[in-house]
Each structure stands twice: as structure tokens, then as C-alpha cells.
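What follows is one structure encoded as C-alpha cells, with my remarks underneath.
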Amino acid sequence: MRNLLIIILITVIFSVNAQEKVTKRTFKIPKGSEIELNLKFGQNIIIEGWDKNEVEFEAVVLINGGLLNDLHEIDFKSTDSYLIIESDFKNTRDNYSYFSNCQDNEHGYYRDGKGVCMEINYRIKVPRNADLSIESISGDIEIKGFYGELWAKSISGFIDLSWDTSKGADLSMKTITGELYSDIDLVILNKHKMASIVGYNMRAIHKGGGKRIHLETISSDIFLRKN
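In C-alpha cells, the structure reads:
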């Protein structure tokens, strides 16, 4: 009986500690506004275009089984002409925990040698034709249903853009050690400058050109696919 109570107590403690921190915000966005997302750390950043003049933001955070969720900060700045959303960790060295606080699985946990594991995921809906910039250090960036001006960069994550092939685009795509994949018809403008041992630095147009699109990653791949 005593052992059973101990097991129940441990289970309850773990379930309390393993609570995710969910942040949700919605912003009205006037036409012509610029949207800037600087989401430094994370696993998945999913951006969807929609027909509303609103930005709907959701972040789901789990750090060290929930014990250190408050280390993650999100800052929102909104005016009539722009919206800036930035996320980072508090500048502190006193709140580190142990790997024992983390579930022993392979689902998106990162360990940095200081006893921290984390799973941070974002889902953001934006107006389809807004001007958007998105930057991350570790996040995989997936963008679909969006047809506005776009600047997207991730250091170690991949970038996956689905594009409506009926719409023209001026594209620049760069990766240092990764690959570039596309099933869209492109006219490459700098073939003579693309010869490289690794990586790509491509300039191209689709359907005669149109919206400016820049996709960049250092150590992962770029996917440009038909929507």
C-alpha cells in the first residue's frame, strides 16, 4: 500500500510539472502593415495565410518538464504600421534544472549541456498578402497559404514554402551546407555563379516575377513546393 501511494504521488508530481505553457494573442492588422517575427529557439514554426486582417499567434512551451517554462519570454510590439513579435530566454544562470526533469524520449527535446531540455512550437496565422519577415536560430519554418513579400531565415532549421503557382515571384534562396528542392518552374538568373562544392545561392523568377521572396538557412534544406 505504501509503495502504491509513493507511485501515485510521483505520478501526480510529474503530471503537474509537465504542464505546457500556452500563449495566445490576436492582433488587428491594417492593410500594408509589416509583420516581423524573431523566434530565436523552437522546434516547429508553422505560418498559415488567411483572409482576415488579423494575426493569430500561439506558442506552446515545455522546458524541463514544465519546471522552467517561465524562462521563455515573448514580447509584442504593435502600431498602425507594424507588428513585431520576439521570443527569447531570460538572461539568468540560476534556474537550470537536471535532465531527470525531462522525459526520456526523442520528440524534439534539445539539451545544451546546462541541464535544460525544451520543446517550443509556434503556430501563426497572418494575412495572405502581408509583408512578412521571420527569423529563427533553431526552428523549422513551414509557410503555406501566404503570397506576400517574404524574408525567412533559420540557422539550423529547414524552410518549407508552399507557393501558389498562378502567382509570380522574384526569388533568392541560399543555403550553406544544405540542399534546395523545388517542383516549381523557375527561370534561374545566375546559373554561371551557382557552381559550388556545397550549398546554393540562387536567384530565380517564376511566371515573369512578382513578390520578392528570400529564403535562407545555414545548415539545413530549403523546400519550395507547389501549393
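In the numbering used here, the protein residues as written are -4 to 222. Where is the CB? At the ideal position from N, CA and C, for every residue including glycine. Quick caveat: nothing in here was measured; it's all calculated off a predicted structure.
Taking 8 Å as the cut-off, the Cβ atoms of Ile217 and Met168 count as close. Under the three-state reduction of DSSP output, Lys186 falls in the helix class.
Between Leu166 and Ile208 a beta carbon distance of about 5 Å is seen, short of the 8 Å cut, so the two are scored as contacting. The alpha-carbon of Arg220 is positioned some 29 Å away from that of Phe22. Shortest Cα-Cα distance from Ser177 to any of Trp158, Ile171, Gly194 involves Trp158. A check of alpha carbon separations from Met113 across Asn59, Lys72, Ile183 identifies Asn59 as the nearest. Taking C-beta separations shorter than 6 Å and ignoring five residues to either side along the sequence, the partners of Asn185 in its chain run Arg198, following chain order.
Per DSSP, the unbroken beta strand (DSSP E) holding Ala199 starts and ends at 195 to 201. It is roughly 7 Å from the alpha-carbon of Ala54 to the alpha-carbon of Arg118. For Thr172, there is no enclosing beta strand (DSSP E), since its DSSP letter is neither H nor E.
Taking the CA atoms as reference points, Asn124 sits about 7 Å from Glu144. Bounds of any beta strand (DSSP E) do not take in Thr160, whose DSSP letter is neither H nor E.
Secondary structure at Asn48: coil, using DSSP grouped into helix, strand and coil.
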